[in-house]
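**Student:** Start counting the sequence shown at 47; every next residue gets the next number (the working numbering). Beta carbons: idealized from backbone N, C-alpha and C, even for Gly. Source: prediction; values computed, not measured.
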Amino acid sequence: MEKAARLFALLGLVLAVVLVAREDTSALWALLKTAGVGLVAAGLFHAVPMVANARAWQVLLPGATRPSLGAMARNVWIRESVNGLLPVARIGGEIVSFRILRLDGVRVAPAAASLVVDMAISILSQLGFSLLAVGLLVALKGPVGIAGQVTLGLLAMVPLVALFILVQRAGLFAKVTGLLDKAASGRLAGIMAHSARIDRASKAMYRRTGAITGCFLWQLLGWALGSGEIWLALWALGHPMGLVEALVIEGLIQAVSSAAFVVPGALGVQEGAFLLLGGALGLDAPAALALAAARRLRDLVVFLPGLVAWTTIRKVKAA
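Here it is, written out as structure tokens:
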């Protein structure tokens with residue numbers, strides 16, 4: 047997987063370079079130079095949707111073991127940093143999050159259960175948000191080609207999301223561990239006990255309909271707040287658009303980036319998506335690429351310190 051991730055990263059980087067090189071690079075650099083610190087401010091705004099996502103995750107955890115909102119926001123920050131900058135196919139961040147929850151005193155079963163349930167609801171909420179973005183795009187520009195393509199891709203995800211949730215509720219961990227235990231001639235009894243507890247915790251979370259609904263709504267709010275980054279970046283670049291247009295861009299970029307999860311940072315794929323969406327909404331190529339560059343700057347400004355924070359936490363806890 048690591049070798050494949052490196053290959054995809056290299057191919058994505060080549061694609062990104064080609065996309066930039068074939069456009070007017072002087073106009074692109076002029077836009078970025080003009081925007082200056084405005085793009086940094088747009089990137090830092092990402093802290094707002096991260097807090098909403100932290101609250102969404104927090105409501106799933108039982109009250110007795112629930113970390114503070116600040117601790118959950120720090121955890122989300124580090125999780126997104128790992129997934130955004132490292133070649134981990136958007137899974138490594140969840141593993142790191144589990145470790146942080148354990149360091150914060152959350153027991154194994156609720157920690158693992160909250161992660162898988164939060165992940166399932168996150169996919170579902172992103173699906174709804176992206177479909178909303180497609181609907182708004184059609185309302186603004188009519189049935190453009192990219193809207194139909196994205197819609198088909200999103201609808202194809204619906205049965206996969208439903209299957210993922212059903213499998214969780216059917217006792218995913220215990221069943222998988224049971225198969226492994228048979229292959230290991232019964233030497234995984236301790237792990238099976240942990241898996242059974244995780245399954246019970248997951249089922250208990252799904253039975254708390256208020257918490258599930260709250261998690262979904264907070265996540266949906268988080269996706270919507272993410273469009274504020276796009277709105278601020280466009281304003282800084284001198285190409286202001288309305289909040290609806292910013293929401294359309296954010297919703298569809300998130301969908302494309304998630305679909306390209308095997309490519310670290312969606313390198314190249316994200317730049318191509320910004321070009322297509324920018325063209326559909328009236329942005330010229332330099333402005334669309336400058337917006338893509340603003341997203342990359344956000345990753346460095348927000349996520350690089352997140353990796354440093356994780357390293358610091360590990361050292362402090364180890365001491």
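(1) Which residues in the same chain as Gly82 place their Cβ atom closer than 8 Å to its Cβ, once the five residues preceding and following it in sequence are excluded?
(2) Grab me the residues of Ser176's own chain with a C-beta within less than 8 Å of its C-beta, minus the 5 sequence neighbours each way, in chain order.
(3) Going along the chain, which residues of its own chain have a beta-carbon closer than 7 Å to the beta-carbon of Ala158, five neighbours each way excluded?
(4) Out of Ala305, Leu280, Leu350, which has the shortest C-alpha to C-alpha gap to Thr80?
(5) Hey, how far is the Cα of Thr259 from the Cα of Trp75?
(6) So which of Leu78, Gly84, Arg253, Ala93 has the shortest CA-CA distance to Val348?
(7) Can you list, in chain order, the residues of its chain with a C-beta nearer than 8 Å to that of Val142? Leave out the 5 residues immediately preceding and following it.
(8) Excluding the 5 residues flanking Pro351 on each side, which residues of the same chain have their C-beta closer than 6 Å to its C-beta?
(9) Kindly list the residues whose CB is nearer than 6 Å to the CB of Ser171, restricted to its own chain and excluding five residues on each side of it in sequence; keep chain order.
(10) Taking C-beta to C-beta, are Thr111 and Val152 nearer than 9 Å?
(11) Compute the Euclidean distance between the alpha carbons of Leu147 and Leu346, then round it to the nearest angstrom.
(12) Would you mind stating whether Leu107 and Ser160 have Cβ atoms separated by less than 9 Å?
(13) Taking the alpha helix (DSSP H) that Asp164 falls in, what are its first and last residues?
(14) Ignore the nearest five residues each way along the sequence and tell me which others in Ala229's own chain have a CB closer than 8 Å to its CB.
(15) Out of Ala305, Val154, Leu271, Val105, state which residue places its alpha-carbon closest to the alpha-carbon of Gly256.
(16) Going straight from the alpha carbon of Leu271 to that of Pro95, what length do you get?
(17) At which residue ranges does the region 253-334 contain complete alpha helix (DSSP H) runs of 4 or more residues, listed in the order of the chain?
(18) Excluding the 5 residues preceding and the 5 following Ala338 in the sequence, name in chain order all residues of the same chain whose CB lies nearer than 7 Å to its CB.
(19) Indicate whether Val162 and Ser248 have their beta-carbon atoms separated by less than 9 Å.
(20) Please state if the CB of Ala88 and the CB of Arg253 are separated by a distance shorter than 9 Å.
(21) For Val97, which residues from the same chain have a beta carbon less than 6 Å from its beta carbon, with the 5 sequence-adjacent residues on both sides left out?
(22) Who are the near neighbours of Ser273 in its chain, counting only those whose CB is closer than 6 Å to its CB and skipping five residues on each side?
(23) Taking Cβ to Cβ, would you say Ala331 is nearer than 9 Å to Leu78?
(24) Let me know the secondary structure DSSP gives Val196 once reduced to three states.
**Tutor:** In brief:
(1) Taking the sequence shown and counting its residues from 1, the one referred to as residue 82 is at position 36. Correct list, in chain order: Ala282.
(2) As a first step, residue 176 is located in the sequence shown; it is residue number 130 there, counting from the start. Taken in chain order, the residues that qualify are Val196, Leu200, Gly297, Leu298, Gln300, Ala301.
(3) Within the sequence shown, numbered from 1, the residue matching residue 158 stands at position 112. The residues are Phe144, Ile244.
(4) Here the question's residue 80 lines up with position 34 in the sequence shown. Nearest in C-alpha terms to Thr80, of all of Ala305, Leu280, Leu350, is Leu280.
(5) By one-based count along the sequence shown, residue 259 stands at place 213. By one-based count along the sequence shown, residue 75 stands at place 29. About 44 Å.
(6) Start at 1 with the first residue of the sequence shown, and residue 348 comes out as number 302. Among Leu78, Gly84, Arg253, Ala93, the Cα nearest to that of Val348 is on Ala93.
(7) To locate residue 142, count along the sequence shown from 1; it is residue 96. Counting only Cβ-Cβ distances below 8 Å, and skipping sequence neighbours, we find Ile124, Arg125, Val128, Trp356.
(8) Within the sequence shown, residue 351 is the residue found at index 305, counting from 1. Within the same chain, and ignoring the five residues on either side of Pro351 in sequence, no residue has its Cβ closer than 6 Å to its Cβ.
(9) In the sequence shown, counting from the first residue as 1, residue 171 sits at position 125. Correct list, in chain order: Phe262, Gln265, Leu266.
(10) By 1-based counting over the sequence shown, the position of residue 111 is 65. By 1-based counting over the sequence shown, the position of residue 152 is 106. Note that the C-beta distance between Thr111 and Val152 is below 9 Å.
(11) As a working note, residue 147 is residue 101 in the sequence shown. As a working note, residue 346 is residue 300 in the sequence shown. Leu147 and Leu346 have their alpha carbons spaced roughly 25 Å apart.
(12) The residue you call residue 107 lines up with position 61 of the sequence shown. The residue you call residue 160 lines up with position 114 of the sequence shown. By the CB criterion at 9 Å, Leu107 and Ser160 fall inside the cutoff.
(13) For this step, residue 164 is matched to residue 118 along the sequence shown. For Asp164, the enclosing alpha helix (DSSP H) begins and ends at 154-187.
(14) Sequence index remark: in the sequence shown, residue 229 carries index 183 (1-based). The pLDDT assigned to Ala229 is 42, lower than 50, so where the model puts this residue is not dependable; a value taken from the coordinates is nonetheless given after this. Answer for Ala229: no residue qualifies.
(15) Reading the sequence shown from its first residue, position 210 is the one you call residue 256. Per the Cα distances, Val105.
(16) Residue mapping note: residue 271 aligns to position 225 of the sequence shown, counting from 1. Residue mapping note: residue 95 aligns to position 49 of the sequence shown, counting from 1. Cα to Cα, the separation comes out at about 5 Å.
(17) Fully enclosed alpha helix (DSSP H) runs of 4 or longer: 255-282, 289-305, 315-326.
(18) As a working note, residue 338 is residue 292 in the sequence shown. Only Gln316, Glu317, Phe320 meet the Cβ criterion.
(19) Residue numbering aside, residue 162 sits at position 116 when the sequence shown is read from its first letter. Residue numbering aside, residue 248 sits at position 202 when the sequence shown is read from its first letter. Yes; because the gap between Cβ atoms is below 9 Å, this pair is in contact.
(20) Start at 1 with the first residue of the sequence shown, and residue 253 comes out as number 207. Start at 1 with the first residue of the sequence shown, and residue 88 comes out as number 42. It is not a contact, given that the beta carbons lie outside the stated cut-off.
(21) In the sequence shown, counting from the first residue as 1, residue 97 sits at position 51. Here the set comprises Ala119.
(22) Taking the sequence shown and counting its residues from 1, one reaches residue 273 at position 227. Result list for Ser273: Ala292, Leu293, Glu296, in chain order.
(23) Residue mapping note: residue 331 aligns to position 285 of the sequence shown, counting from 1. Residue mapping note: residue 78 aligns to position 32 of the sequence shown, counting from 1. Cβ distance not < 9 Å, so Ala331 and Leu78 don't count as in contact.
(24) In the sequence shown, residue 196 corresponds to position 150, counting from 1. If DSSP states are grouped into helix, strand and coil, Val196 belongs with the helices.
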